[in-house]
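S.K.: With mature numbering (1 follows the signal peptide of the UniProt record, and there is no 0) applied, the sequence shown covers -30 to -1, 1 to 939.
Cβ coordinates follow ideal geometry from the N, Cα and C atoms, glycine included.
One structure, pasted below without further comment.
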Amino acid sequence: MTPPAPHRHRLWALASTTVLALVAGGLAVAANTAPAEAAPVGAGSYTTTPVGPLPSGCGQLSTNPRQYVTADAPAGAVPTNDWWSSLLFKRTDCAYSEPLHAHPLSYDTFTDGLGFSANSTPAISGTATGVGEFHYPYVQDVRVGVAGLTAPTVKVANWTDWTVTPYWSDGARTMRATIGHGLPFAYFQTTGGDAVVSANSTPTVWSNSGATIGFTVAGHDYVGYAPTGASWTVSGGRISSTLAGKGYFSLALLPTTASSTAQERADLAASYGRYAHAHVTGTRVSYAYDQASSRMTTTYAFTTTAREGTATQTVVSLYPHQWKALTGSTPIAQSYPSARGRMKVLTGVSQFRTAMTFQGVLPELPAVGDGSGADLTTLRDQLAAVRGNPMDQRGGDTYWTGKGLGRAARIAEVADLVGDTATRDSALNAIRATLTDWFTASPGKAAKVFYYDQNWGTLIGYPASYGSDQELNDHHFHYGYFIAASATLAKFDPQWATDARYGGMVDLLIRDADNYDRSDTRFPYLRDFDIYAGHDWASGHGSFGAGNNQESSSEGMNFANALIQWGQATGDTAVRDAGIFLYTTQAATIQEYWFDHANENFPAAFGHSTVGMVWGDGGAYSTWFSAEPEMIQGINLLPVTGGHLYLGYDPAYVRTNWAEMVRNNGGQPTVWQDILWQFQALGDGNAALSSLRANPGYTPEEGESRAHTFHWIRNLAALGTVDTTVSANHPLSAVFTRNGARTYVASNITAAPITVRFSDGTTLAVAAGKTATTGAYTWSGGNATGGGPGPSPSPTPTPTPTSPSPSPTTTPPPSGSPTRYLLTDGGLGAAGGAATTTVAAANGNHDGTPTNARVFTATGLNLGYAGGQTSFDLFLDAGAAVGNGVQVRISYDLTGNGSWERVETYRYFATDPVTGYEHYTQAAGLASSSGTLGALTGGTVRVEVWSAIGNNPTTLGLGNQSVVRLPYS
């Protein structure tokens, strides 16, 4: 079957009566098809005249998004896509808001005040093998207000990076409340009457002394802190205070349990009380990427205003992704339950920091597994098949255009890696033509155009889809594809990407979805990214009882990766570092809140190891568009790119996730097979490759191609799994491990060579415009010397001289060349025609001892020692045999006198049971070595290859295949 289109994040199947009710409630839909006026940006442009529906909601929101904002609220574009957005972007409750899930508390707004919920009991629905959800829904404990308050609407008086200040006024009474992520306190300023805390059930007061009152409602402990000189009065379920006429107070939720003693409650109340009147009035994030150590340090800072006393610090609670990366602070013993797992508490702080390792991204996986033989032929055939239609676009709106651009970008990257310039250039030309069209506005053009709405501070592409216009949904999803394709094009056609051409339009798309520049007031700061929660939100308004939501976390990561790739390609480190901040932070939150990879955050009774959607108050094993397990799990995997290696940070979890999908599906996937196999390959490349080979007739997902899927899976089968224990001082890098041997990868998209240093001391020289690996091929990775439009925007890529070519030469190496191929006559010399030999079965354990070895020798060598180490790449294929391991020993007789001054024995290489060559390289590591290297004067080098273990023979590629590179000049 053909899978349905993945509708993004809005439930459109509303009953007609619901739609009518929304319209009657004040929703306005504006459509304007007047001729567009173009505003130039370099060679590109956008329109300033509406060409389609605009953001809409209650009253006049289309033209006045500040309708529900107070006059003294911050200037500039209003935020959207946040946890509190339904306060400002009113659509379903035109007076107040939907529940606001801040954690550890949830809130709701009413005519008479602010409701509090500390619900710690999940509501679980569905089954462990089908669609299911868990929520910690808003269940009110207390409501805080001013005596007699009847505000007709609640507005927004202030916002900072993760706080908001709702405002009530009925003409005689007012109240401001500041609430935020991670804050156990809510802070109030009132006029016109007594402060009132109304409990939904009779409170149990366990402390009432002067300005402080401690009480329990529904099993949750609260403390009210009034100003010095004030007191609290309790009458049934009503707690009130005159506040001694000072008009401020705070209410805190304590991190206690049913087993907490009275003394423990009192101690916590006193500890929190030290900071109760240091009202948090500002929050601000800052981040710094240290390229040398590949560390992203994030600082979460709090500004306070002392209503009384001199305290400037506060109390905060941290999400799991924060406390697991915390540096320089120690949480107290108590914690809060939340929809995201346990939140740990810091007291007496004005800021805290996290430090995370950025593991790197790649433009695409390197061609180490499909670089020769039958697999290269397969890949070339698949690339040729898509050459005529690389985008294969399924729709004309911003989302489906983006999907097509993403497909073409993957094809361009893969084709370039294996020297298929015709397919690469076809894909690049399709990308260039499509982007240039969308990035050009003209009078009367109403489609394939971007419109800037000054009122909302947003750039909307038309045709829009899935609410990207009227609800400001999903801009990061749609635009991430545009930016990523622009980054690929920029590598080959850097002139196109300059500010004088179309780079400025790309930057506008970046700023719209996640403006990285606080000084730019045209767009809100980091619109789609919830800074404290650490991930994106998809809905512009968030008007749902469960709060805001995000389905495809992987498309959010596609946006973050696009910023890294674009920033690296154009030299814009501000964009690159913003992308690394988004990527590193969100990679952690996806592992915790979508995957719960450590099995710590989902309720025990939920029964799933993953969710398709994260909600403000929980998560759901479901999607907006399908109940099929393949799509529920697959929507958080696509698109698969070199920026999605984070999906493999925990290979064991990959296998767990896969097993759940197979169980829930009742068998192997039947839709989105390519997406799911590519994910499986991050945990078990051989299994994924077997499935791919066994199902040649599968239907590609709408944004995928057979060529990219084959390249991805075949190469992961050769590379192994992502190794997160090693990082690099270059953003475009990665490390893989297979059978204990590491492969180091780096991509250099600049016009000058670089040397990349990895955290374990390994260095990798990468030529200009190349992707390099240790122990494998070094293919083209994009040359930054291209020009303008044309059939071939960059020079034809060729393999570097230090790697076997896909079209091998028979020209002998220079006299005394350090590059030596294993030959059929037992020599080590110039590349010849492809051939093979058989390495006999071990039939025992010969680890470290050559037995029935194949021996290859070069004599009479005169070479100067250049330093460094021997490297080699042996082509091995054990067919379907299980348990084979081949070993190599390389010996140096420096003077040819028969004594071996240097002997290197490498750890054996365990071959896989899948037909096709694998690469045994020096990355396997030395098992033993003796002696030292020096100049060769009439010297001899000997290579011995034998089976260390296994009961079956292994094929060894010769001629133009297996190569040894001597550390000589």
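Would you be able to state if there are at least three C-beta pairs under 8 Å between the segment 411 to 420 and the segment 712 to 724?
M.R.: Cβ pair count under 8 Å is below three, so no.
S.K.: Quick one: what's got a C-beta closer than 7 Å to ARG708's C-beta in the same chain, skipping five residues either side?
M.R.: In the same chain as ARG708, and ignoring 5 residues on each side of it, the C-beta atoms closer than 7 Å to its own belong to LEU689 and GLY690, in chain order.
S.K.: Short of 6 Å in beta carbon distance, which residues of its chain neighbour ARG254, apart from the five on each side in sequence? Order them along the chain.
M.R.: ASP131 and ALA271
S.K.: From ILE919, THR611 and ALA434, pick the residue whose C-alpha is nearest to that of PHE879; which is it?
M.R.: ILE919
S.K.: Can you tell me whether ALA836 is buried or exposed? The criterion is at least 16 other CB atoms within 10 Å of its CB, across all chains shown.
M.R.: exposed
S.K.: According to DSSP, is THR733 part of a helix, a strand, or is it coil?
M.R.: DSSP places THR733 in strand when its eight states are reduced to three.
S.K.: Under 8 Å: do the segment 633 to 643 and the segment 552 to 569 share three or more Cβ pairs, one atom per stretch?
M.R.: no
S.K.: Since SER90 and PRO307 are thought to touch, with beta carbons under 8 Å apart, how far apart are those beta carbons, to the nearest angstrom?
M.R.: 4 Å
S.K.: Given that a residue counts as buried once 16 or more other Cβ atoms are within 10 Å of its Cβ, and exposed if not, what is ALA716?
M.R.: For ALA716, the number of other beta carbons within 10 angstroms of its own is at least 16, and it is reported as buried.
S.K.: Buried or exposed, going by whether 16 or more other CB atoms sit within 10 Å of the CB of VAL(-8)?
M.R.: With a pLDDT of only 27 at VAL(-8), under 50, the local geometry of the prediction cannot be trusted, and the value read off the model is given with reservation. With fewer than 16 other Cβ atoms within 10 Å, it is exposed.
S.K.: Alpha carbon to alpha carbon, what distance is there between THR251 and PRO35?
M.R.: Near 23 Å, if we compare the C-alpha coordinates of THR251 and PRO35.
S.K.: Spatial neighbours of THR297 within its chain, please: CB distance less than 7 Å, with the 5 preceding and 5 following residues excluded, ordered by chain position.
M.R.: ARG323, THR324 and ALA325
S.K.: To the nearest angstrom, how far is the alpha carbon of THR720 from that of GLU103?
M.R.: Using only the alpha carbons, I get a separation of about 47 Å.
S.K.: With H, G and I counted as helix, E and B as strand and the rest as coil, what does DSSP make of THR887?
M.R.: The sequence given here places Tyr at residue 887; Thr does not occur at that position. If DSSP states are grouped into helix, strand and coil, TYR887 belongs with coil.
S.K.: Using only the alpha-carbon positions, how far apart do ILE453 and ILE430 sit?
M.R.: 15 Å
S.K.: Evaluate VAL285 with the Cβ neighbour count: other Cβ atoms within 10 Å of its Cβ, from every protein chain shown; 16 or more gives buried, anything less gives exposed.
M.R.: buried
S.K.: Nearest to THR464 by alpha carbon, out of PHE447, PHE420 and ARG402?
M.R.: The amino acid occupying residue 464 in the given sequence is Pro; Thr does not appear at that position. Nearest of PHE447, PHE420 and ARG402 to PRO464, Cα basis: ARG402.
S.K.: So, with DSSP's three-state summary, where would you put GLY927?
M.R.: GLY927 falls in the strand class under three-state DSSP.
S.K.: Which residues in the same chain have their Cβ closer than 7 Å to the Cβ of SER241, if we skip the five residues on either side of it in sequence?
M.R.: Spatial neighbours of SER241 in its own chain (CB-CB distance under 7 Å, excluding positions within 5 residues in sequence) are listed in chain order as THR317.
S.K.: Please classify THR79 as buried or exposed, where buried requires at least 16 neighbouring CB atoms within 10 angstroms.
M.R.: buried
S.K.: Starting from ASN128 and walking both ways along the beta strand (DSSP E), at which residues does that stretch end?
M.R.: 124 to 129
S.K.: So what does DSSP say about GLY215, is it helix, strand or coil?
M.R.: GLY215: helix per DSSP, three-state reduction.
S.K.: With a threshold of 8 Å, are at least 3 pairs of Cβ atoms found where one atom belongs to the segment 115 to 135 and the other to the segment 157 to 173?
M.R.: yes
S.K.: Based on DSSP bridge pairs, tell me the residues matched to TRP585.
M.R.: DSSP lists ASN519 and GLY588 as the bridge partner or partners of TRP585.
S.K.: Give me the DSSP bridge partner(s) of PRO154.
M.R.: Paired residue(s): none; PRO154 is not in a bridge.
S.K.: Below 9 Å between beta carbons: does that hold for THR891 and VAL809?
M.R.: no
S.K.: At 3 residues or longer, what runs of the beta strand (DSSP E) sit wholly inside the segment 620 to 685?
M.R.: You should have found no qualifying run.
S.K.: Which of the three DSSP states is assigned to ILE724 in this structure?
M.R.: strand
S.K.: CB ASP191 to CB TRP202, shorter than 9 Å?
M.R.: no
S.K.: Indicate the three-state DSSP secondary structure (helix, strand or coil) for GLY83 in the structure shown.
M.R.: Residue state, collapsed to three classes: strand.
S.K.: Kindly list the residues whose CB is nearer than 7 Å to the CB of ALA540, restricted to its own chain and excluding five residues on each side of it in sequence; keep chain order.
M.R.: Before going on, a small fix: residue 540 reads as Thr here, not Ala. Contacts found: ALA460, ALA467 and GLY473.
S.K.: Where does the unbroken alpha helix (DSSP H) through LEU429 begin, and where does it stop?
M.R.: Where LEU429 is concerned, there is no enclosing alpha helix (DSSP H), although the beta strand (DSSP E) it sits in stretches over 428 to 432.
S.K.: Would DSSP call ASN485 helix, strand or coil?
M.R.: strand
S.K.: If we ignore side chains and look at the alpha-carbon of each, how far apart do GLY751 and VAL736 end up?
M.R.: Its pLDDT being 34, under 50, GLY751 is placed unreliably by the model, and the measurement read from it follows with that caveat. Approximately 10 Å, taken between the alpha carbons.
S.K.: Can you say whether SER220 is buried or exposed, counting buried as having 16 or more other CB atoms within 10 angstroms of its CB?
M.R.: SER220 should be labelled buried.
S.K.: Shortest alpha-carbon distance to THR327 belongs to which of ALA828, ALA812 and PHE728?
M.R.: PHE728
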